[in-house]
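The sequence shown begins at 0 in numbering that gives the first Met the number 0 and counts up one residue at a time.
One structure is given here, and the rest of the page talks about it.
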Amino acid sequence: MTYVGTPTSRVDGRAKVTGTAKYAGEFSPDGLVHGFVVEATITCGRIVRLDTSEALQVKGVLDVLTHSHRPPLADNDEAWKDEVAPEGSPFRPLYDDSIKFNGQPIALVVADDWETAKFAATLVRVEYEQQAFTTDLEAERGNAAETDKPHKPRGNVATALAGAAVRHEADYVLPTEHHNPMELYASTVVWEGDGRLAVYDKTQGVQNVQKFLCSVFDKKPEDLRVLSPYVGGAFGSGLRPQYQVVLATLAALALKRSVRVVLTRQQMYGLGYRPMTIERVTLGANPDGTLDAVTHEAIAITSRYEDFARNDTGWAEQLYKSPNTRFSHKLVHVDVSTPCDMRAPGAASGVCALECAMDELAIALRLDPIELRLKCYSDRDQSEDLPYTSKQLRECYARGAEAFGWSRRNPTPRSTRDGKELVGWGMATGVWEALQMPVAVRIVLTSNGHAEVSCAASDIGTGTYTIVAQVAADALGLPIENIDVKLGDSSLPQAPVEGGSWMAASSAHAVLGAAEDIRQELARLAKALPGSPLADSPLADVILVDGMIAGKGEKSRAVSMADAMRYGKLERIEKQKLNQFAEDDSHARNTHSAVFAEVKVDEQLGVIRVTRVVSAVAAGRILNTKTGRSQIIGSVVWGIGMALHEETVMDHRFGRTMNPNIADYHIPVNADIHNIDVIFIPERDDFINRLGVKGLGEIGIVGVPAAIANAVYHATGKRVRRFPITLDKLIA
Ligand code: MOS
Numbered sequence: 000m001t002y003v004g005t006p007t008s009r010v011d012g013r014a015k016v017t018g019t020a021k022y023a024g025e026f027s028p029d030g031l032v033h034g035f036v037v038e039a040t041i042t043c044g045r046i047v048r049l050d051t052s053e054a055l056q057v058k059g060v061l062d063v064l065t066h067s068h069r070p071p072l073a074d075n076d077e078a079w080k081d082e083v084a085p086e087g088s089p090f091r092p093l094y095d096d097s098i099k100f101n102g103q104p105i106a107l108v109v110a111d112d113w114e115t116a117k118f119a120a121t122l123v124r125v126e127y128e129q130q131a132f133t134t135d136l137e138a139e140r141g142n143a144a145e146t147d148k149p150h151k152p153r154g155n156v157a158t159a160l161a162g163a164a165v166r167h168e169a170d171y172v173l174p175t176e177h178h179n180p181m182e183l184y185a186s187t188v189v190w191e192g193d194g195r196l197a198v199y200d201k202t203q204g205v206q207n208v209q210k211f212l213c214s215v216f217d218k219k220p221e222d223l224r225v226l227s228p229y230v231g232g233a234f235g236s237g238l239r240p241q242y243q244v245v246l247a248t249l250a251a252l253a254l255k256r257s258v259r260v261v262l263t264r265q266q267m268y269g270l271g272y273r274p275m276t277i278e279r280v281t282l283g284a285n286p287d288g289t290l291d292a293v294t295h296e297a298i299a300i301t302s303r304y305e306d307f308a309r310n311d312t313g314w315a316e317q318l319y320k321s322p323n324t325r326f327s328h329k330l331v332h333v334d335v336s337t338p339c340d341m342r343a344p345g346a347a348s349g350v351c352a353l354e355c356a357m358d359e360l361a362i363a364l365r366l367d368p369i370e371l372r373l374k375c376y377s378d379r380d381q382s383e384d385l386p387y388t389s390k391q392l393r394e395c396y397a398r399g400a401e402a403f404g405w406s407r408r409n410p411t412p413r414s415t416r417d418g419k420e421l422v423g424w425g426m427a428t429g430v431w432e433a434l435q436m437p438v439a440v441r442i443v444l445t446s447n448g449h450a451e452v453s454c455a456a457s458d459i460g461t462g463t464y465t466i467v468a469q470v471a472a473d474a475l476g477l478p479i480e481n482i483d484v485k486l487g488d489s490s491l492p493q494a495p496v497e498g499g500s501w502m503a504a505s506s507a508h509a510v511l512g513a514a515e516d517i518r519q520e521l522a523r524l525a526k527a528l529p530g531s532p533l534a535d536s537p538l539a540d541v542i543l544v545d546g547m548i549a550g551k552g553e554k555s556r557a558v559s560m561a562d563a564m565r566y567g568k569l570e571r572i573e574k575q576k577l578n579q580f581a582e583d584d585s586h587a588r589n590t591h592s593a594v595f596a597e598v599k600v601d602e603q604l605g606v607i608r609v610t611r612v613v614s615a616v617a618a619g620r621i622l623n624t625k626t627g628r629s630q631i632i633g634s635v636v637w638g639i640g641m642a643l644h645e646e647t648v649m650d651h652r653f654g655r656t657m658n659p660n661i662a663d664y665h666i667p668v669n670a671d672i673h674n675i676d677v678i679f680i681p682e683r684d685d686f687i688n689r690l691g692v693k694g695l696g697e698i699g700i701v702g703v704p705a706a707i708a709n710a711v712y713h714a715t716g717k718r719v720r721r722f723p724i725t726l727d728k729l730i731a
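Here it is, written out as structure tokens:
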């Protein structure tokens, strides 16, 4: 293969850096008008009076939509459920007078320009009837209700813990975090006449949004197309249709013209987020350092109207050998909006707690943290008792440790200094799923040796355009410059939301399927060509290489694609294929990593710097070592944010977020990021799929917060279990 497995530059890189790549809020059809959202300032209750008269008098204001002044919206829960909706009753913007969370949209001011809409929004007068509310997970911990997620206990935990030689038990508290992608939530709805709409939306799934809008607005799919050619980061925030797309569509239908709604950074804090969780982990060990008992209980926040729960505890269930285990996942329903997926949902939080607990246990056992993990290493998935399709985690530990210099670590906390700074080294394990989903791809090959490859999937910045081009170029035997990839359009062949790290494997295999059909057609034509040098070659031995149709291993026996197509009187060959993965639950499918972190902590000020991270990742075949490395670096940066910076702070007296902006909500900036070394561990996987691809989007963050927390302990001798680890907690 020429391109697969190589550090290929992004095929959309030039468009992105030169600004020709257009995002949802950048399409400007004729007559475009702008909507600005008015948000509720109470947390729970109902709207008694909503007076828009003053706003409507502002010159340039066209309309103010409210729950009592708007086109019809579907009136049943089912119609509002998108393909990734959790259990419950989805939020419906501008539906009725009820207020379910602070910051809820209650009106949309539409004006000729955005500034006018924004100003007029300040003139919308609202009277509320307030009700008692609570937004505090910790205060409501006692009201947590068990979810019905399946948990398989093993053995007898109580007995094992009572008899354990060494025991560790602690709560790890992970705060609510908000997505802060560069691109704001944005939708531009183009009115195409007769009720037909083209919706440019910031989304991870155009067909999900299309189905959702069609059911909410009772539209036919042929009348409502959704596009997201480029996405400026999403990380889970664009999996579900967000409310601005409903509002923009509502306004377009009301005014019969094109409407754009872009949320402000502040308003984005009124939408989905990584839910705050209390992760309680108990570990019981035998004197030799093997595990005898593991319990993991997650208590997570959710809204009153939906049960959002992710897999926080399954990793502890699966990863390490332990005969006695118990797991549970509980939800606390409070007056907030529903959480949503955020990079490695469940794992980022759950594995953080597990891997901090493992570090604490290693210290209690006087064992090296890697040694402890090797003592309970499992070649089988412990929860399902299944073999893995592949698992090179041992290699991750070994190669990561070597690259980091782990053997030089003095295990004693506070033992290493660099000037005024205490130096700490910590490590942790990472784990994520290797999923694959049904995806269809269409390839149109033209006789000039160019191919258009298309699929509805969105490239959320992960590099889908590029890997699709790489796989297609190799499969069709064409230079990558001849491949034109079209993505992010609901009218293209089917794709689910881009998430869960499943799109690389899923789209790559759909490309292979369609390309195989093209190969067969070309091979048949080439063999039938009068005087063909391939006449005697079996069909299966005819390959596409260097723009030619050739005999396998005998490039000299070849026919040009153009000749074959001319012979067949074909200008183009079009094939569409749905990828096919055999249903098979005989193996566990996971990616793994070992993360090593060095921190330097100013002893007097408590300032923490993450000076080095080594992430050794085993994720099957890496389709593109350049974009793949970028994926992991980005994830490590977020892991640094999770460990040290990010926290959505709520004032529970008002149920309101106090830091809804990236001045007060801290995310790592360039000065926070130092050396990040990514090592891809060779991991051949002949079982999982033809190419042995597992996916990389999420594994990179898992384990990073714990590795840093463990390094902070090693540097300072102080264990912080409430994230983020800010300097006040260190010097307190
Ligand atoms: Mo990912 S959190 O499934 O976008």
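Backbone N, C-alpha and C fix where the C-beta goes; we use that ideal spot for every residue, glycine too.
Give every residue of the same chain whose Cβ lies closer than 7 Å to the Cβ of residue i, excluding the five residues on either side of it in the sequence, and list them in chain order.
i    : result
I661 : N179, R264
L371 : G288, M357, L360, A361, L364
C375 : T289, L290, Y319, K320, S321
P70  : L249, L252, A253
Given a threshold of 16 other Cβ atoms within 10 Å of its Cβ, counted over all protein chains shown, does residue i qualify as buried or as exposed?
i    : result
D663 : exposed
H673 : exposed
K599 : buried
T248 : buried
E296 : buried
E697 : buried
R9   : buried
V47  : exposed
R655 : buried
K99  : buried
H68  : exposed
P6   : exposed
L353 : buried
Taking the beta strand (DSSP E) that residue i belongs to, which residues open and close that run?
i    : result
V123 : Run containing V123: none; DSSP gives neither H nor E here.
W431 : 420-432
H591 : 589-601
I362 : Run containing I362: none in the beta strand (DSSP E); it sits in the alpha helix (DSSP H), 346-364.
Q575 : 571-577
A549 : 547-550
E38  : 32-38
V63  : 60-64
V711 : Where V711 is concerned, there is no enclosing beta strand (DSSP E), although the alpha helix (DSSP H) it sits in stretches over 703-715.
E553 : 553-559
Going along the chain, which residues of its own chain have a beta-carbon closer than 6 Å to the beta-carbon of residue i, five neighbours each way excluded?
i    : result
I479 : Y2, A468, A472
M275 : L136, P174, T175, I300
R124 : D50
A233 : P180, Q203, I459
E682 : S389, Q391, A617, G619
C213 : P220, L223
V225 : V198, D200, V205, V208, Q209, S489
C351 : P704, A705
Looking at the secondary structure, which residues open and close the alpha helix (DSSP H) in which residue i lies?
i    : result
F216 : 205-216
V16  : 12-17
T465 : 463-475
L226 : It is not in any alpha helix (DSSP H) - L226 instead sits in the beta strand (DSSP E) that spans 223-226.
E403 : In the sequence on display, residue 403 carries Phe and not Glu. First-last of the alpha helix (DSSP H) with F403: 392-403.
S377 : Element bounds for S377: n/a, residue is neither H nor E.
H508 : 502-527
A233 : Counting along the chain, A233 falls outside any alpha helix (DSSP H), and DSSP gives it neither H nor E.
Who does residue i pair with in a DSSP beta bridge?
i    : result
T187 : Y199, R259
S453 : R441, K485
Y2   : Its beta-bridge partners do not exist; DSSP assigns none.
H177 : Y272
P495 : Answer by DSSP bridge pairing: none, since P495 is not bridged.
Can you list, in chain order, the residues of its chain whose CB lies under 8 Å from that of residue i, leaving out five sequence neighbours each side?
i    : result
A400 : I369, S406, M426, A593, F595
I724 : I607, A642, L643, I707, A708, V711
Write down every uninterrupted run of the beta strand (DSSP E) in the stretch 239-310 whose length is 3 residues or greater and which is fully enclosed by it, in chain order.
Within the stretch 239-310, the complete beta strand (DSSP E) segments of 3 residues or longer fall at 258-261, 276-284, 290-301, listed in chain order.
Which runs of the alpha helix (DSSP H) at least 4 residues long sit entirely within the stretch 605-678? Give them in chain order.
List check, alpha helix (DSSP H) in window: 624-643.
Only counting runs of 4 or more residues, tell me where the alpha helix (DSSP H) segments fall wholly within the stretch 88-173, in order along the chain.
Within the stretch 88-173, the complete alpha helix (DSSP H) runs of at least 4 residues are 113-120, 156-161.
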